[in-house]
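Numbering (the working numbering), first residue to last: 1 to 259. Each residue gets a CB set at the ideal place from its N, CA and C atoms; glycine is no exception.
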């Protein structure tokens, strides 16, 4: 019985965190956005906020709780209506993919250096030269700042994989909801279905991908916007924002700039 209660708690914490990040995304999004886009936009805002906190007085449990709580307020106070999504459909999609999260083991690199980077960010503010202590800090992704924001009372470091999973989830959510839009062409349907099948068949466990792949998941959305939606200026702006997010997560994404 205790296991079921923990699963239910984990499920609702995961949803609340998505809504919290989406709340920050509503600061810069517009009403014509796909609902899942707000998570990516919120991730950018949250990454900047967490990085500023790291540079100044450092993260702690109270700050993490406050940041999540403010995001929830921003999400539910803003009554923007998004295209082709309701909370019912959102919950159904999340429930369908939640098993990917709970059956997963960590990525093979997590114990080698991902964990140490998150631990360093949460327990210290800026320390110059920390990479001299451990060379793995050189390879640290900026997404670790958002992961350190999920170190919470009782859960400790058990929730730090949520930002990675929710990027995967939001990428799938974006493609699925876009697929059911009314004015969509056959070549768009082919591209969307191809992306959905690849994401579901190949990347069905957290151990299958690390920071490299989640940045490329975002690049799929960037490519879709530039190739199919280039006539809309707002979509190009979003493509640029999402590309910046992919680079912040993994700088090697810059290599895709010519494409």
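- Following the DSSP letters along the chain, one finds residue 35 in no alpha helix (DSSP H), marked with neither H nor E.
- The straight-line gap separating the alpha-carbon atoms of residue 250 and residue 143 is approximately 9 Å.
- By the neighbour-count criterion, in which 16 or more other beta carbons inside 10 Å mark a residue as buried, residue 52 falls on the exposed side.
- Distance from the CA of residue 5 to the CA of residue 91, rounded to the nearest whole angstrom, comes to 18 Å.
- Residue burial annotation: residue 43 is buried, with at least 16 other C-beta atoms found within 10 angstroms of its C-beta.
- In the three-state scheme derived from DSSP, where H, G and I count as helix and E and B as strand, residue 212 is classed as helix.
- Around residue 196, the same chain offers 175 as residues with beta carbons nearer than 6 Å, after the five sequence neighbours per side are excluded.
- Using a Cβ distance threshold of 8 Å, residue 203 and residue 213 count as a contacting pair.
- In this structure, the beta-carbon distance from residue 170 to residue 215 does not fall below 8 Å.
- Taking each of 74, 30 and 95 in turn and checking the Cα distance to residue 46, the smallest one comes out for 74.
- Nearest neighbour of residue 27 by Cα position, chosen from 231, 41, 177 and 140, turns out to be 41.
- Between residue 198 and residue 157, the C-beta spacing is not below 8 Å.
- Take residue 225, set aside five residues on each side of it, and the residues of its chain with a beta-carbon closer than 8 Å to its own are 235, 236, 238, 239 and 242, in chain order.
- Pairing residue 246 with residue 229 gives a Cβ-Cβ distance that is not under 8 Å.
- Per DSSP, residue 163 is one residue of the alpha helix (DSSP H) stretching across 162–179.
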